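Participant: Supplied in structure tokens, the structure appears directly below.
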Amino acid sequence: MDLLSRFGSTISNKSKDVAKKAKELAEISNLNSQIDLQEEIIDKLCLEIGKTVYEKRDLFPDSALAEKYTAVTNAYAEIARLRSAIITAKGAKQCPGCGIEVALGNAFCPGCGTAVPAPEPYVENIVIPPDSVIYYPDTSDDP
Ligand SMILES: [Zn+2]
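In numbering that gives the first Met the number 0, the protein residues as written are 0 to 142.
Dropping the structure here:
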């Protein structure tokens, strides 16, 4: 093999190596995408499982979860309080039956027919009690 042939052969082998490497990287990238997809599926299903367990928490008494059950219940109560505050801030009132917003002039809820009393006077400064529990989920990777 003369020098020029050997040089050409070396270039050819190098380009084959580069093509092989590019193919490997593409395959790894594709496999990583598939792993990401499976992880998204797991996350979505675990969220649904968690919501189901919370909703059926009476069937799953678990001292390790009790604190989290309470935190979720408190968060739902806080959402209800905030929604109520939004209705009050808009100058409307809230149906005690179904919770929808009712115009001040309506004595009855247009949604469910429940009598809706005049609202309490709006309090400008809402004080959050110091013993309010705010739960921040653990975002570490510990199982
Ligand atoms: Zn109603």
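Note that CB positions come from ideal geometry on N, CA and C, so glycine has one too.
On a predicted model such as this, the values are computed, not experimentally measured, just so you know.
As a quick check of your reading: which residues have a C-beta less than 6 Å from at least one non-hydrogen atom of ligand 1, in chain order?
Facilitator: Output, sorted by chain position: Cys94, Gly96, Cys97, Ile99, Cys108, Gly110, Cys111 and Thr113.
Participant: Starting from isoleucine 34 and walking both ways along the alpha helix (DSSP H), at which residues does that stretch end?
Facilitator: Within the sequence shown, the letter at position 35 stands for residue 34. Counting along the chain, the alpha helix (DSSP H) containing isoleucine 34 begins and ends at 2–54.
Participant: Confirm, please, whether the CB-CB distance from cysteine 97 to valine 115 is below 8 Å.
Facilitator: What you label residue 115 is simply residue 116 of the sequence shown in a count that begins at 1. What you label residue 97 is simply residue 98 of the sequence shown in a count that begins at 1. Their beta carbons are not under 8 Å apart, which means valine 115 does not touch cysteine 97 by this criterion.
Participant: Could you give the distance in angstroms between the alpha-carbon of isoleucine 41 and the alpha-carbon of isoleucine 10?
Facilitator: Position 42 of the sequence shown, counted from the first residue, corresponds to residue 41. Position 11 of the sequence shown, counted from the first residue, corresponds to residue 10. Distance between the alpha carbons of isoleucine 41 and isoleucine 10: 46 Å.
Participant: Kindly give me the distance between the Cβ atoms of glycine 90 and leucine 81, rounded to whole angstroms, as I take these residues to be in contact under 8 Å.
Facilitator: Translated into positions along the sequence shown, residue 90 becomes position 91. Translated into positions along the sequence shown, residue 81 becomes position 82. Rounded, the Cβ-Cβ distance is 17 Å, inconsistent with contact.
Participant: Of the residues Ile86, Lys50, Ala63 and Ile85, which one's Cα is nearest the Cα of threonine 72?
Facilitator: Along the sequence shown, read from residue 1 onward, the residue named residue 72 stands at position 73. Taking only the C-alpha atoms, the option nearest threonine 72 is Lys50.
Participant: With a CB to CB cut of under 6 Å and the five nearest residues on each side skipped, what residues in its chain are close to serine 83?
Facilitator: By one-based count along the sequence shown, residue 83 stands at place 84. So the list reads Gln93, once near-sequence residues are dropped.
Participant: With DSSP collapsed to three states, give me the class of lysine 92.
Facilitator: By 1-based counting over the sequence shown, the position of residue 92 is 93. DSSP places lysine 92 in strand when its eight states are reduced to three.
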